[in-house]
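Line by line, the protein sequences are chains W and B.
If you want our numbering, it's the 1-based position in the first sequence plus 291.
If you want our numbering, it's the 1-based position in the second sequence plus 19.
Glycine included, every Cβ here is placed at the ideal spot set by N, Cα and C.
Below: the structure, in structure tokens.
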Amino acid sequence: YTFFSEMQRWPEGTQELTYAFEPNNGLDDVVKGVFSNAFDRWSEVTTITFRETTSYESADIKIGFYSGDHGDGEPFDGVLGTLAHAFSPTNGRLHLDGAEDWVATGDVTASDLTTAVDLESVAVHEIGHLLGLGHSSVEEAIMYPTIGARTRKVELADDDIQGIQVLYGSNPNFTGSTTTSSRENDSSNGF
Amino acid sequence: RLFPNVSSIPTWISKNAPPGAWDAYLNFTGCRQGENYDGLSKLKTYFNQFGYIPNAPSSSNFTDDFDDAFEAAVRNYQKNFNLNVTGFLDNATLNQVVKPRCGVADIINGTTSMNSGKTNSTASSNNTLKFHTVSH
């Protein structure tokens, strides 16, 4: 796991973050449920919980689908290529490329559509960025930068869990084991 | 397009899927340092976008030369993705390049880096964060 520069994170004491969806997208409950599931995956292992709010402007996390140049200096590029991006804490913006063929539920691996992208897989990854994780070179990790079309990867790997718990600690109810570390901190740097 | 379920994807769409945005990069398979390749500047833009060409000029200024800086970028990319570090655009590297990915850079302002994968290595990030990877 890695972090953004200076280990950017949400302020000490943050227990809950609110999130809202771009009103102009008109997303339905199925899609919103996918994001709820994605947030839950991180809440299960760390100390922060997430709550949807209808107040888009005041939400900590703002989620939206956009196409091409959408004003943040990081234009999307059409089908496949870049799928989504998110900003480091405490910016809170999560943008998904509206040109993709997003699949909200079901077995995306069984799709005949070669450009089908599993929405929850990408959402879980981008939420990692929102919380302060950078990319990982561990292929099994959610925070690995690439994901194939027609691929579903939503389970946090030990690498992801260790990273987020360095930032925010462990959910007291988390019973999983993260003691088998595939990456160790260099103690000479006092990290 | 947003499909609520896999089964809701119309068959006609499946039969007319467009190529991926970066599929054309596969044409650079085999390219290596010291040569000039038509259109390589576009691939340099890709590597710059994801942080692999430090202190790079604006993307419009990239040449089509496979120069030392680009070879270093390819090597760093190969390390980050646990590929054989060959320094040229081999098949495995370009197959990784064309995969769909997150738009967040792998190396941000030279201060944050994915580490070097399966071998023992140290990735420096402005001397404030340094990780040591150990294979098990």
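Quiz item: Run through DSSP, which three-state label would N476 (chain W) get?
Solution: Position 185 of the first sequence, counted from the start, is the residue given in the question as residue 476 (chain W). Model confidence at N476 (chain W) stands at a pLDDT of 32, short of 50, so the residue's coordinates are unreliable; what they give is reported in the following sentence. DSSP places N476 (chain W) in strand when its eight states are reduced to three.
Quiz prompt | Span of the beta strand (DSSP E), counted from its first residue to its last, around Y310 (chain W) | solution = Position 19 of the first sequence holds residue 310 (chain W). Here the beta strand (DSSP E) through Y310 (chain W) covers E307 to F312.
Self-check item: Assumed close pair L410 (chain W), V336 (chain W) - CB separation to whole angstroms, cut-off 8 Å
Solution: Taking the first residue of the first sequence as 1, we reach residue 410 (chain W) at position 119. Taking the first residue of the first sequence as 1, we reach residue 336 (chain W) at position 45. With a Cβ gap of about 21 Å, L410 (chain W) and V336 (chain W) do not count as contacting.
Quiz item: How is the alpha helix (DSSP H) around L421 (chain W) delimited, first residue to last?
Solution: Here residue 421 (chain W) is taken as the residue at index 130 of the first sequence, counted from 1. Here the alpha helix (DSSP H) through L421 (chain W) covers L410 to L422.
Quiz item: Does DSSP classify Y357 (chain W) as helix, strand or coil?
Solution: As a working mapping, residue 357 (chain W) is identified with position 66 in the first sequence. Strand, per DSSP.
Quiz item: Would the beta-carbon of K353 (chain W) fall within 9 Å of that of L385 (chain W)?
Solution: For the purposes of this step, residue 353 (chain W) is taken as the residue at position 62 of the first sequence. For the purposes of this step, residue 385 (chain W) is taken as the residue at position 94 of the first sequence. Yes, they are a contact pair.
Practice problem: With DSSP collapsed to three states, give me the class of R94 (chain B). | Solution: By one-based count along the second sequence, residue 94 (chain B) stands at place 75. It is helical.
Quiz item: Run through DSSP, which three-state label would D125 (chain B) get?
Solution: Position 106 of the second sequence, counted from the first residue, corresponds to residue 125 (chain B). Looking at D125 (chain B) - three-state DSSP - the assignment turns out to be coil, as it is neither helix nor strand.
Quiz item: Looking at C-beta atoms only, is the number of pairs between the stretch 365–376 of chain W and the stretch 453–470 of chain W that lie closer than 8 Å three or more?
Solution: no
Quiz item: Does DSSP put D449 (chain W) in a helix, a strand or coil?
Solution: Your numbering for residue 449 (chain W) matches position 158 in the first sequence. Helix, per DSSP.
Quiz prompt | Buried/exposed call for F150 (chain B), threshold 16 Cβ in 10 Å | solution = Against the second sequence, residue 150 (chain B) aligns to sequence position 131. Unreliable placement is indicated for F150 (chain B), whose pLDDT of 34 sits below 50; no coordinate value is reported for it.
Quiz item: What does a CB cutoff of less than 7 Å around F47 (chain B) pick up in its chain, not counting 5 residues either side in sequence?
Solution: Indexing the second sequence from 1 puts residue 47 (chain B) at position 28. The residues are Y56, L59, L62, L108 and L113.
Quiz prompt | Partner residues on chain B for L422 (chain W), Cβ-Cβ distance less than 9 Å | solution = Taking the first residue of the first sequence as 1, we reach residue 422 (chain W) at position 131. Here the premise fails: no neighbours, minimum Cβ distance about 13 Å.
Quiz item: Checking contacts by CB at 9 Å: is E446 (chain W) closer than that to chain B?
Solution: Counting from 1 along the first sequence, the entry for residue 446 (chain W) is found at position 155. Answer no: the Cβ-Cβ gap between E446 (chain W) and chain B never drops below 9 Å.
Quiz item: Between W:G364, W:T405 and W:A311, which lies nearest to T30 (chain B) when the distance is taken from Cα to Cα?
Solution: For the purposes of this step, residue 30 (chain B) is taken as residue 11 along the second sequence, with counting starting at 1. Of W:G364, W:T405 and W:A311, the residue nearest in Cα terms is W:T405.
Self-check item: Cβ-based contacts, 9 Å cut-off: residues of the stretch 66–98 of chain B near chain W
Solution: Q68, F69 and K98
Practice problem: Report yes or no: do three or more beta-carbon pairs, one from the stretch 96–105 of chain B and one from the stretch 424–436 of chain W, lie closer than 8 Å? | Solution: yes
Quiz item: Rounded C-beta distance between V394 (chain W) and F22 (chain B)? I'm assuming under 8 Å.
Solution: By 1-based counting over the first sequence, the position of residue 394 (chain W) is 103. By 1-based counting over the second sequence, the position of residue 22 (chain B) is 3. With 8 Å as the limit, V394 (chain W) and F22 (chain B) qualify as a contact, their Cβ atoms being about 5 Å apart.
Quiz item: Does any C-beta atom of chain B lie closer than 9 Å to the C-beta of D398 (chain W)?
Solution: By one-based count along the first sequence, residue 398 (chain W) stands at place 107. Yes, its Cβ sits closer than 9 Å to a Cβ of chain B.
Practice problem: Alpha carbon to alpha carbon, how far is H426 (chain W) from R441 (chain W)? Give it in angstroms, no decimals. | Solution: To locate residue 441 (chain W), count along the first sequence from 1; it is residue 150. To locate residue 426 (chain W), count along the first sequence from 1; it is residue 135. The straight-line gap from Cα to Cα measures roughly 21 Å.
Practice problem: Enumerate in chain order the residues of its own chain whose CB-to-CB distance from D319 (chain W) is below 8 Å, with the five nearest sequence positions on each side excluded. | Solution: Against the first sequence, residue 319 (chain W) aligns to sequence position 28. Cβ neighbours of D319 (chain W) beyond the five flanking positions: none.
Exercise. For I433 (chain W), name the three-state secondary structure that DSSP assigns.
Key: By one-based count along the first sequence, residue 433 (chain W) stands at place 142. Looking at I433 (chain W) - three-state DSSP - the assignment turns out to be coil, as it is neither helix nor strand.
Quiz item: Taking the alpha-carbon positions, what's the W333 (chain W) to G419 (chain W) distance?
Solution: Working through the first sequence from its first residue, we reach residue 333 (chain W) at position 42. Working through the first sequence from its first residue, we reach residue 419 (chain W) at position 128. Cα to Cα, the separation comes out at about 8 Å.
Quiz item: Helix, strand or coil: how does DSSP classify R332 (chain W) here?
Solution: Translated into the one-based positions of the first sequence, residue 332 (chain W) becomes position 41. Note: R332 (chain W) maps to helix in three-state DSSP.
Quiz item: With F295 (chain W) and S379 (chain W) assumed to form a contact (beta carbons below 8 Å), what rounded beta-carbon distance in angstroms separates them?
Solution: Counting from 1 along the first sequence, the entry for residue 295 (chain W) is found at position 4. Counting from 1 along the first sequence, the entry for residue 379 (chain W) is found at position 88. That belief holds up - the Cβ atoms of F295 (chain W) and S379 (chain W) are roughly 4 Å apart, short of 8 Å.
Practice problem: Would you decide whether A43 (chain B) is buried or exposed? Buried here means 16 or more other CB atoms lie within 10 Å of its CB. | Solution: Against the second sequence, residue 43 (chain B) aligns to sequence position 24. It is exposed - the Cβ of A43 (chain B) has fewer than 16 other Cβ atoms within 10 Å.
Self-check item: Contact under 9 Å by Cβ, C50 (chain B) with H416 (chain W)
Solution: Taking the second sequence and counting its residues from 1, the one referred to as residue 50 (chain B) is at position 31. Taking the first sequence and counting its residues from 1, the one referred to as residue 416 (chain W) is at position 125. Not closer than 9 Å, so no.
Quiz item: Which same chain residues, not among the five before or five after F356 (chain W), have their C-beta less than 6 Å away from its C-beta?
Solution: Looking up residue 356 (chain W) in the first sequence gives position 65. The answer, listed in chain order, is N316, L387 and G389.
Exercise. Taking V25 (chain B) as the query, report the chain W residues whose CB atoms sit under 8 Å from its CB, ordered along the chain.
Key: As a working mapping, residue 25 (chain B) is identified with position 6 in the second sequence. Within 8 Å Cβ-Cβ: V394, T396, G397, D398, V399, A401, S402 and A407.
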